[in-house]
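Data first, discussion second: the structure below is written as structure tokens.
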Amino acid sequence: EAIEEYDYTGSYLPAYPIKVNQNCHIVDELLRAGRKYNLCLEIGSKTEFLAALSFEQKPGALLICNGFKDTEYIENAVLGMRLGKRVVLVVEKVYEVDLIIEKLRDLPPALRPAIGLRLRLAARGSGRWGRAGGSTSKFGLTTLELLQCIEKLKNAGMLGLVEMLHCHNGSQITEIRKIKNVMREMARIYAKVRKNGIKIKYLNVGGGLGVDYDGSRTSSDSSVNYSMQEFANDVVYTIHTVCESEEVEAPIIVTETGRALTAYHAILVTNVITEIHGDTPAVTATEEDPLVVQELAELRDEITIKNFREFYHDALHQREELLSMFNLGYLDLESRAKGESLFWEICRKSVTYARRQKFVPEEFEALERHLAKKYVCNFSIFQSLPDHWAIEQLFPIMPIHRLTEMPTEAASLVDLTCDSDGEIDNFVDLKDIKKTLAVHPLDGNPYYLAILLVGAYQDTMGNFHNLFGKVNEAYVIIDERKQVHIQRIVRGDSAAEVTAHFGYDRDTMLRRVRAQIERLGLEGEARTEMEHCLALYRKQLDHSPYLREGTGA
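The numbering of the sequence shown is the numbering used here, which starts it at 1469 and goes up by one.
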């Protein structure tokens, strides 16, 4: 639409960077759906290269090769040419030009891949990955290095292989103004290079097209202040305007917008195992209880909307006194338990009264968050949502059933790992980030939550903390009649498969456990019972590391 709107004389090729999600089924499906658009592939390592070579691409689609290179990398590029692929070797560093010249010098022209030059622009993106661009970036050639590469290729008689200029100014660029700046500088460099007699065909503007995770349409880290159409308009218009002013031919525009292509395709569904809450049964203090417990009971009974702030502060003091007396040995466990129950009752009453105020005092907002329930969910944040743990990425989360019921509870979500970082306590809200999620009360039946927009990077970057592995996957398609079909189911990792990543061998583990049983020297029923235990151990090695359905309350 943008090409038609601005009468752009060039064309467009989309490219999928497989680093965003290297899952074979995902790449296959993207290539199938993108065939009519000549969807290209982009790779950044030798292993990704080997994976990409195995895919059938439509004739005319590019195989764009970024990343640091050695001779094997360049040999893979030649193999790609032999397979009939349109390979573009993108130069990241000056030394790579020498390797390319050495490996391609004696090859016939038909086996020589095209060459691209990656630029290190002064303009930068915005958001968490803004430092991927700019003059201090890890990637790309400075203006001087660009000229050095051109001179080397010219002297080797290979300048005609240079067909692409490329830049990448970071993932999830949050501000459209930054994108315009990058496009303007890149288009100007393209025009100058073109005027020097180098027939660049492709202007690869990289990625950066962001996903509006929190729905705010702002320049926050989890959003973008532009639409996909505005992104396309600004890219096309800026390049078109510069090419017209410089009187050079408009290039074929290439984008590598992997996040925008894949984020939407995946949903993580987890069941809630149980809840952690501070609810305590009501207690009654007697004259036999220690004075500190009696005073807490008096505060609990006499707190009102008029005095809740003062009484809450008094309760804080009494709780300190309670713990001090216990640590000095003056209170027994029963008295401490009764005093703590009274204190939390006072806290809950204080929050209830605070909510009725026109402005809720900050300390009571914090207290309400502290009192919120925690729903224990059957997944690992480190395996399935690593970006939440690593960079506090927001993801939309919602129940997938009971949607006609008003959610009356507020809870954070905790995973199965033995790690305090395994908690989600930042959630999408209408105006800001909230610390709890609106959920339904657990009623003894299964309760499921969906975590949305997890298709980009989460699969690739997940780790095996506490030896939790890949989860089960169901591939679902919706046909033209809006009918839902499960295309395939992929079983998640078993315990044996997870431990194998760390040097454990299933047969060796079984042999070692059996040897321990033999050393016990058991006979009769005791021996039979241990054989049953061994069979259970063997069975559980083949089970999922996650909890079985129906666990919890």
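C-beta: ideal position from N, C-alpha, C; glycine also.
Identity of the residue in the options nearest residue i by Cα
i	options	result
His1838	Asp1893, Gly1512, Leu1801, Val1844	Asp1893
Leu1898	Ala1994, Phe1832, Pro1864	Pro1864
Leu1621	Gln1955, Arg1816, Ala1582	Ala1582
Val1673	Phe1895, Tyr1798, Glu1836, Leu1587	Leu1587
Asp1782	Leu1764, Leu1791, Gly1678, Glu1833	Leu1764
Asn1934	Thr1967, Pro1914, Asn1940	Thr1967
Lys1902	Ile1644, Ala1834, Ile1618	Ala1834
Pro1576	Met1626, Cys1533, Asp1566	Met1626
Phe1779	Phe1936, Val1844, Glu1766	Glu1766
Glu1756	Glu1802, Ala1591, Leu1796	Glu1802
Leu1891	Lys1842, Ala2003, Asp1900	Leu is not the amino acid found at residue 1891; the sequence shown has Glu there. Ranking Lys1842, Ala2003, Asp1900 by Cα distance to Glu1891 puts Lys1842 first.
Val1704	Ala1750, Val1751, Val1650	Val1650
Val1722	Phe1827, Ile1532, Glu1999	Ile1532
Neighbourhood of residue i by C-beta, 8 Å cutoff - its chain only, sequence neighbours within 5 removed
i	result
Glu1540	Lys1514
Ile1668	Val1630, Glu1631, Met1632, Leu1633, Tyr1658, Val1661, Arg1662, Pro1719
Ile1666	Ile1618, Leu1627, Val1630
Val1819	Phe1832, Leu1835, Glu1836, Leu1839
Beta-carbon separation (whole angstroms), residue i vs residue j, contact threshold 8 Å
i	j	result
Leu2009	Arg1974	6 Å
Gly1502	Pro1482	7 Å
Gly1535	Glu1560	7 Å
Thr1904	Ser1880	6 Å
Phe1832	Ala1822	4 Å
Ser1809	Thr1748	4 Å
Arg1554	Leu1579	That belief does not hold up - the Cβ atoms of Arg1554 and Leu1579 are roughly 13 Å apart, past 8 Å.
Leu1736	Ile1919	4 Å
Ile1868	Tyr1943	Not a contact, Cβ separation roughly 17 Å.
Pro1485	Glu1724	5 Å
Leu1557	Ile1569	With a Cβ gap of about 11 Å, Leu1557 and Ile1569 do not count as contacting.
Ser1687	Glu1643	5 Å
Length of the line joining the Cα atoms of residue i and residue j
i	j	result
Ser1479	Ile1471	8 Å
Asn1637	Ile1771	58 Å
Val1546	Lys1571	9 Å
Ile1494	Leu1729	11 Å
Asp1680	Val1692	6 Å
Val1952	Thr1885	34 Å
Val1710	Gln1616	25 Å
Met1929	Gly1807	46 Å
Phe1523	Ser1852	26 Å
Arg1727	Asp1682	15 Å
Gln1490	Asn1940	17 Å
Phe1895	Arg1816	23 Å
Met1696	His1708	18 Å
Leu1910	Ala1840	14 Å
Asp1566	Gly1548	20 Å
Cys2001	Met1866	40 Å
Glu1516	Arg1500	19 Å
Phe1850	Phe1936	9 Å
Asn1623	Asp1475	38 Å
Val1844	Ser1684	28 Å
Spatial neighbours of residue i in its chain, beta-carbon cut-off 7 Å, leaving aside the 5 residues before and after
i	result
Ser2012	Gly1960, Ser1962
Ala1964	Arg1974, Leu2009, Asp2010
Asn1506	Leu1481, Lys1526, Gly1528, Ala1529
Ile1859	Arg1596
Gln1926	Ser1852, Leu1853, Pro1854, Asp1855
Val1760	Gln1786, Glu1789, Leu1790, Met1793, Gly1807
Cβ neighbour criterion (16 or more within 10 Å) applied to residue i
i	result
Gln1984	exposed
Asp1538	exposed
Tyr1563	exposed
Ser1603	exposed
Lys2007	exposed
Asn1931	exposed
Gln1640	buried
Met1874	exposed
Glu1715	exposed
Val1745	Here the sequence assigns His to residue 1745, which means Val is not the residue at that position. Its Cβ having fewer than 16 others within 10 Å, His1745 is exposed.
Other residues of its chain near residue i: CB distance less than 6 Å, five sequence neighbours each side excluded
i	result
Asn1701	Ala1470
Asn1846	Thr1738, Asn1739, Ile1741, Tyr2014, Leu2015
Arg1804	Phe1794
Cys1635	Leu1587, Leu1589, Met1654, Gly1674
Ala1734	Val1922, Gly1923
Asp1464	Look at the range of the chain in this structure, 1469 to 2021, and you will see that residue 1464 is not part of it.
Lys1646	Gly1593, Ser1594
Thr1610	Arg1588
Gly1813	Looking at the sequence itself, residue 1813 is Glu, so the reference to Gly does not match. Around Glu1813: Arg1768.
Val1907	Pro1875, Glu1877, Ala1879
Gln1762	Ala1753
Ile1957	Ala1942
Chain B contact for residue i (CB, 9 Å cutoff)
i	result
Ile1618	Absent from the structure is chain B; it holds one protein chain and no more.
The ligand FMN heavy atom lying under 8 Å from the CB of residue i
i	result
Cys1815	The ligand FMN is not among the ligands present in this structure, which contains no ligands whatsoever.
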